[in-house]
Amino acid sequence: MHVRHATIFSVLLVLFALSVIVTQTPLFPTRSPPRRINHVTGGCDYSDGKWVRDNTAATTTYGEDCPFLDPGFRCVQNGRNDSSFRQWCWKPRHGSCHLPKFNASDMLERSRNGRIVFVGDSIGRNQWESMLCMLAAAVPAGSRIKEKFGKPLSRHKGYLSMVFADYNLSVEYYRAAMLVKVDRLPPTSDGAIKRAIRLDVVPRHAACWASADVLVGGTCIRPSNQETISPWAIGST
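Residue numbers (the numbering used here): 12 to 248.
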């Protein structure tokens, strides 16, 4: 996993959760307005900040016993012997910007009757699982949380949808190495380039995301300065 891209998309996930927590209106406008949360938003750019250590955090939001974590993402169980990746928080650069702690109960209530969709590669999958674990930590044990079509969570390709039945909320993941369309070139084209990236066209399966109330997208694969992606030999158009 590329550290730079992992950091960027981790920030996006934090900002997405923040937008739910600090907003004064519900995430989806199909229900009564939730309680207000005191915060400062005037002049704040929450995307301008950095990750800092937060040694005051006594516990993590969830542990590796979360049933929604893929075995490959369980760092400690897979042999990591340090905890340096824990106890970090996002700190806006502007001192007056108040960043509330993540409140899973509040987010579930605000997201009632909604659809949250993550689209991307393994980073998107990681973020999707993290969101599931954070939300599930706020509901009673035995609550109705299930994969919509009964698929095993070990499935790495295609589509997964976890439904929080008590909130009529679905949190979904679509695997997509590219967020734009990739076309095969005709046989008469230069054999060195086998596919073309259509930067102005989304893939066909993007229609599945169209009705999402919240869409979180990201992928690590991108064209280099030579407009190719090794080993795919893809040219951008």
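A virtual CB, placed ideally from N, CA and C, is assigned to each residue, including glycine.
In this structure residue 210 is exposed. Its beta-carbon is surrounded by fewer than 16 other beta-carbon atoms within 10 angstroms.
Nearest neighbour of residue 146 by Cα position, chosen from 114, 168, 94, 137, turns out to be 114. The beta carbon of residue 75 is closer than 8 angstroms to those of 85, 86, 87, 88 in its chain, skipping five residues each way along the sequence. Considered as a whole, the region 90-125 harbours 99-103 as its complete beta strand (DSSP E) runs of no fewer than 3 residues, in chain order. The beta carbon of residue 144 is closer than 6 angstroms to those of 73, 77, 79 in its chain, skipping five residues each way along the sequence. Distances from the CA of residue 104 to each of 134, 56, 97 were compared; the closest alpha carbon is that of 56.
The residue among 191, 109, 151 with its C-alpha nearest the C-alpha of residue 60 is 109. Beyond the five residues adjoining it in sequence on each side, residue 212 comes within less than 7 angstroms, by CB distance, of 191, 192 in the same chain, given in chain order. A straight line joining the alpha-carbon of residue 91 with that of residue 98 spans about 16 angstroms.
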